[in-house]
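Undergrad: Below you'll find the structure I mean.
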Amino acid sequence: MIVVNTETVPGFVIAGVKGLVQGNTVRAKHAGRDIAAGFKNLVGGELKGYTELLTESRRQAVERMMAQAQQLGANAVVNVRFTTSAVTAGAAELYAYGTAVVLAKPSA
Amino acid sequence: MEFIFGVAVVGLLLALGFFVGGWTESSHFRKLDEREANNGEFFITQVKTFPGASQSGPPPTILIGEAVIATDYLKSFLGSLRNIFGGEVKSYQSLLVRARREALQRIVEQAQAGGYNAICNVRFQTADVGGNTATAKKGAVMAAMLASATAYHRSA
């Protein structure tokens with residue numbers, strides 16, 4: 011499945027639009043990570059635990075979105091956007107949404 | 159006695175922020191400079207069309223890069239001082255710059271590993287992983303950046 015954040019895909023034409031597909035997830039890291047992040051705030055540097063948290067939740071949200079697109083019979087998702095929101099301390103919601111479409115090779 | 163002890167602890171943390179935090183930041187910037195210099199001909203745009211797209215190569219795909227960078231104690235101390243007097247908070251500016259460059263560089267490295275030589279439609283977004291806005295707690299200052307882009311193959 012082709013997933014892009016642009017409106018078109020070079021070399022393909024959009025043969026059909028299936029509609030909005032979305033996926034979201036709220037994930038939290040265990041308290042140990044939050045404590046480690048607190049210490050990291052003294053000396054600065056990358057918070058690897060939180061980066062991982064973002065990566066995991068983004069993957070899950072995209073997977074859910076792709077599953078929805080597959081169910082609609084689409085073979086691609088275009089114009090994908092992400093938003094995040096904080097639900098509570100240490101937990102992040104990640105929401106991915108896009109338009110499910112059917113891509114086809116242009117008839118020459 | 160307790161007051162002196164408190165001042166000593168704060169002084170120690172500020173010194174820790176100055177030395178360790180300063181070293182962490184300058185080494186991060188140095189690494190970013192090196193990695194960006196290694197990009198070579200890699201083509202980065204922010205438009206939605208695919209400039210110079212070629213039909214060969216792998217099909218376009220979305221790539222995402224994340225980076226969460228924390229500030230050090232000294233900088234958050236200076237930042238809270240700035241909050242009293244107002245004005246530009248320079249100590250947090252470099253934090254956001256680092257998070258953006260790191261996130262973008264991670265996309266570029268993923269794209270190169272996947273056999274792409276260009277990305278378009280780069281978008282940056284800040285995230286809130288610590289939940290600072292939800293609980294309005296002070297102290298934990300960090301920049302969480304989510305960058306997304308579409309990787310494609312470009313004919314030179």
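Chains as they are written, first to last, in the working numbering: chain A, 11 to 118; chain B, 159 to 314.
For each residue, glycine too, the CB sits at the ideal point set by N, CA and C.
(1) Work out the CA separation of PHE22(A) and THR109(A) for me, nearest whole Å.
(2) Which word fits ASP191(B), buried or exposed, when buried means at least 16 other C-beta atoms lie within 10 angstroms of its C-beta?
(3) Counting only beta-carbon separations shorter than 8 Å, does ILE24(A) have a partner in chain B?
(4) With burial defined as no fewer than 16 other Cβ atoms inside 10 Å of the residue's Cβ, what is the status of ILE227(B): buried or exposed?
(5) Can you give me the Cβ contacts of ALA294(B) inside the same chain, cut-off strictly under 6 Å, excluding the 5 residues immediately before and after it?
(6) Report back the beta-carbon spacing between LEU171(B) and TYR231(B) to the nearest angstrom; my notes put them in contact at under 8 Å.
(7) Under a Cβ-count criterion, where at least 16 other Cβ atoms within 10 Å of its own Cβ denotes burial, should VAL168(B) be classed as buried or exposed?
(8) To the nearest angstrom, report how far apart MET11(A) and SER234(B) are at their CA atoms.
(9) For GLY29(A), count neighbouring C-beta atoms within 10 Å of its own C-beta (all shown protein chains included) and say buried if the count is 16 or more, exposed if not.
(10) Which one or two residues does DSSP pair with THR219(B) in a beta bridge?
(11) My guess is that VAL111(A) and VAL27(A) are in contact by the Cβ rule of under 8 Å, so how many angstroms apart are they, rounded?
(12) Leaving out five residues before and five after ARG193(B) in sequence, what residues of the same chain have Cβ atoms less than 6 Å from its Cβ?
(13) Can you find a CB in chain B that lies within less than 8 Å of the CB of TYR107(A)?
(14) Using a beta-carbon distance below 8 Å, is THR35(A) in contact with chain B?
(15) Note down the Cα distance separating LEU113(A) from GLN81(A), rounded to an integer number of angstroms.
(16) Expressed to the nearest angstrom, what Euclidean distance is found between the alpha-carbon atoms of GLN283(B) and ILE265(B)?
(17) Is there a Cβ of chain B sitting closer than 8 Å to that of ASN15(A), yes or no?
(18) DSSP has ARG37(A) in a bridge; who is on the other side?
(19) Is the separation between the beta-carbon of THR31(A) and that of VAL88(A) shorter than 8 Å?
(20) Per the DSSP calculation, LEU113(A) is bridged to which residue(s)?
(21) Please list the partners that ARG68(A) has in chain B, where partner means a Cβ-to-Cβ separation under 8 Å.
(22) According to DSSP, which residues form a beta bridge with ILE227(B)?
(23) Identify the contact partners of VAL90(A) in chain B, using a Cβ-Cβ distance below 7 Å as the criterion.
(24) Of the choices THR16(A), PRO116(A), THR35(A) and LYS115(A), whose alpha-carbon is the least far from that of VAL72(A)?
(25) Cβ of PRO20(A) less than 8 Å from any chain B Cβ?
(26) Are the C-beta of ALA276(B) and some C-beta of chain A separated by less than 8 Å?
(27) Whole angstroms is fine: what's the gap from ALA292(B)'s alpha carbon to ARG259(B)'s?
(28) How far does the alpha helix (DSSP H) with GLN283(B) in it reach, from first residue to last?
TA: The answer reads as follows:
(1) Against the first sequence, residue 109(A) aligns to sequence position 99. Against the first sequence, residue 22(A) aligns to sequence position 12. Between THR109(A) and PHE22(A), the C-alpha separation is close to 15 Å.
(2) The residue given as residue 191(B) occupies position 33 in the second sequence. Of the residues assessed, ASP191(B) falls on the exposed side of the cut-off, its CB having fewer than 16 other CB atoms within 10 angstroms.
(3) Here residue 24(A) refers to the residue found at position 14 when the first sequence is read from its first residue. So no, ILE24(A) is outside the interface.
(4) Residue mapping note: residue 227(B) aligns to position 69 of the second sequence, counting from 1. So ILE227(B) counts as buried.
(5) As a first step, residue 294(B) must be located in the second sequence, where it is residue number 136. Its pLDDT being 46, under 50, ALA294(B) is placed unreliably by the model, and the measurement read from it follows with that caveat. A distance below 6 Å between beta-carbons, with the five flanking residues on each side excluded, links ALA294(B) to no residue of its chain.
(6) Counting from 1 along the second sequence, the entry for residue 171(B) is found at position 13. Counting from 1 along the second sequence, the entry for residue 231(B) is found at position 73. At roughly 5 Å, the Cβ-Cβ gap stays under 8 Å, so LEU171(B) and TYR231(B) are in contact.
(7) Within the second sequence, numbered from 1, the residue matching residue 168(B) stands at position 10. Flag for VAL168(B) reads exposed.
(8) By 1-based counting over the first sequence, the position of residue 11(A) is 1. By 1-based counting over the second sequence, the position of residue 234(B) is 76. Pairing MET11(A) with SER234(B), the inter-Cα distance amounts to about 44 Å.
(9) Here residue 29(A) refers to the residue found at position 19 of the first sequence. When all chains shown are included, GLY29(A) counts as exposed.
(10) Counting from 1 along the second sequence, the entry for residue 219(B) is found at position 61. ALA309(B), per the DSSP bridge assignment.
(11) On the first sequence, position 101 is the one that residue 111(A) refers to. On the first sequence, position 17 is the one that residue 27(A) refers to. 5 Å between Cβ atoms; contact.
(12) Looking up residue 193(B) in the second sequence gives position 35. Around ARG193(B), the same chain offers GLN263 as residues with beta carbons nearer than 6 Å, after the five sequence neighbours per side are excluded.
(13) Position 97 of the first sequence holds residue 107(A). No, its Cβ sits nowhere closer than 8 Å to a Cβ of chain B.
(14) As a working mapping, residue 35(A) is identified with position 25 in the first sequence. No, because no Cβ of chain B sits closer than 8 Å to the Cβ of THR35(A).
(15) As a first step, residue 113(A) is located in the first sequence; it is residue number 103 there, counting from the start. As a first step, residue 81(A) is located in the first sequence; it is residue number 71 there, counting from the start. Going by the C-alpha atoms only, they are around 15 Å apart.
(16) As a position in the second sequence, residue 283(B) is number 125, starting the count at 1. As a position in the second sequence, residue 265(B) is number 107, starting the count at 1. Between GLN283(B) and ILE265(B), the alpha-carbon positions lie close to 14 Å from each other.
(17) By one-based count along the first sequence, residue 15(A) stands at place 5. Output row for ASN15(A): interface = yes.
(18) For this step, residue 37(A) is matched to residue 27 along the first sequence. DSSP output for ARG37(A) lists ALA102(A) as bridge partner(s).
(19) By 1-based counting over the first sequence, the position of residue 31(A) is 21. By 1-based counting over the first sequence, the position of residue 88(A) is 78. Here the sequence assigns Val to residue 31(A), which means Thr is not the residue at that position. Judged by their CB atoms, VAL31(A) and VAL88(A) are not nearer to each other than the 8 Å cut-off.
(20) As a working note, residue 113(A) is residue 103 in the first sequence. According to DSSP, which records beta bridges pairwise, LEU113(A) is partnered with ILE24(A).
(21) In the first sequence, the residue the question calls residue 68(A) occupies position 58. Residues of chain B passing the Cβ test: ILE222, GLU224 and LEU304.
(22) Walking along the second sequence from the start, residue 227(B) turns up at place 69. Paired residues: GLU56(A) and ALA301(B).
(23) Looking up residue 90(A) in the first sequence gives position 80. In chain order: ILE220.
(24) Position 62 of the first sequence holds residue 72(A). The residue with the shortest Cα to Cα distance from VAL72(A) is THR35(A).
(25) Here residue 20(A) refers to the residue found at position 10 of the first sequence. With 8 Å as the cut-off, PRO20(A) counts as an interface residue toward chain B.
(26) Locating residue 276(B) in the second sequence gives position 118, where the first residue counts as 1. Output row for ALA276(B): interface = no.
(27) Locating residue 292(B) in the second sequence gives position 134, where the first residue counts as 1. Locating residue 259(B) in the second sequence gives position 101, where the first residue counts as 1. Low confidence applies to ALA292(B): its pLDDT is 45, below 50, so where it sits in the model is not reliable, and the reading given next is rough at best. Computed Cα separation, rounded: 26 Å.
(28) The residue given as residue 283(B) occupies position 125 in the second sequence. Looking at the DSSP string, GLN283(B) is not in any alpha helix (DSSP H); the run it does join, the beta strand (DSSP E), is 276-285.
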